[in-house]
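Everything on this sheet refers to the single structure shown next.
Numbering (this note's numbering), first residue to last: 3 to 252.
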């Protein structure tokens, strides 16, 4: 009998955390252009390790950061984006192209709150109605296709081929929070040229946790924002592993 697969941090190939702030009324990107650039420049000056290059389009304002490592190359990542619905911060903790190198860390709560305050200073008259903590992680299953593992553990589907696809979405909500867990089979392909991918070199499971407040309508204050983030981290550390590692179906 094969040893059951265990979801654990040492098997995570790639890990990105995003914190989204949904606002009302919506942000008009075109009319807020000057304020957005002032906000972006202040972020660059204050947090150069997180924010580097300002980018604007008709529908989105973003800031990117180039992460460079000796002998491993570099990669550019979007670390903040602002669209009509609100602002999203992104923290690449681990990227598969850099293997086991830690790229960045989630900032302290005080830094996140300070960014929110700067946002409110430059983009005025916006109420933050919902905060979403989105944790995206890719678990390696090495050379073992992940379709069967997901099927056996989370469904009663009789059979699927190795090259099939499976995507599951659960909202394990409680009275206060939506706790959406998405599970998907993925395959890693080699890069044969700048614009083409080569054969499959590994398999994995993509797990995304979207943790957010269920009740909206009130303008969330700093303490409420911190509480949502803290509860999301506690859920991911405490209850999520038990859910992912539940016994497989017979």
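Every residue, glycine too, gets a C-beta built ideally from N, C-alpha and C.
- By the Cβ test, the region 100-115 is not in contact with the region 144-161, since fewer than three Cβ pairs between them sit closer than 8 Å.
- Residue 17 and residue 139 do touch by the CB rule: their CB atoms are close to 5 Å apart, below 8 Å.
- Just measuring C-alpha positions, the residue of 68, 50, 33, 24 sitting nearest residue 59 is 33.
- When secondary structure is reduced to three states using DSSP, residue 167 falls in the coil class, being assigned neither helix nor strand.
- The DSSP-derived three-state label of residue 136 is strand.
- Assignment of residue 44 by DSSP, reduced to helix, strand and coil, places it in the helix class.
- Secondary structure note for residue 78: its beta strand (DSSP E) is the uninterrupted segment 75-85.
- The C-beta of residue 90 has 16 or more other C-beta atoms within 10 Å across all chains shown, which makes the residue buried.
- With a cutoff of 8 Å on beta-carbon distance, residue 209 and residue 183 are scored as near each other.
- Here residue 223 is actually not in contact with residue 179; their C-beta atoms are around 17 Å apart, not less than 8 Å.
- DSSP places residue 211 within a strand segment (E or B) once states are collapsed to three.
- Boundaries of the beta strand (DSSP E) harbouring residue 68: 63-71, taken from the DSSP string.
- Taking the Cα positions, residue 82 is about 7 Å away from residue 66.
- Of the candidates 23, 136, 43, the residue whose Cα lies closest to the Cα of residue 234 is 136.
- Residue pairing by DSSP places residue 91 opposite 21, 82 in a beta bridge.
- Annotated three-state conformation of residue 123 is helix, per DSSP.
- For residue 149, the enclosing alpha helix (DSSP H) begins and ends at 149-156.
- Just so you know, the alpha carbons of residue 129 and residue 84 end up roughly 15 Å apart.
- Between the alpha carbons of residue 174 and residue 241 lies a distance of about 10 Å.
- Counting other Cβ atoms within 10 Å of its Cβ, residue 169 stays below 16 and is therefore classed as exposed.
- With respect to the 8 Å criterion, residue 151 and residue 7 are classified as neighbours on the basis of their beta carbons.
- A straight line joining the alpha-carbon of residue 29 with that of residue 190 spans about 37 Å.
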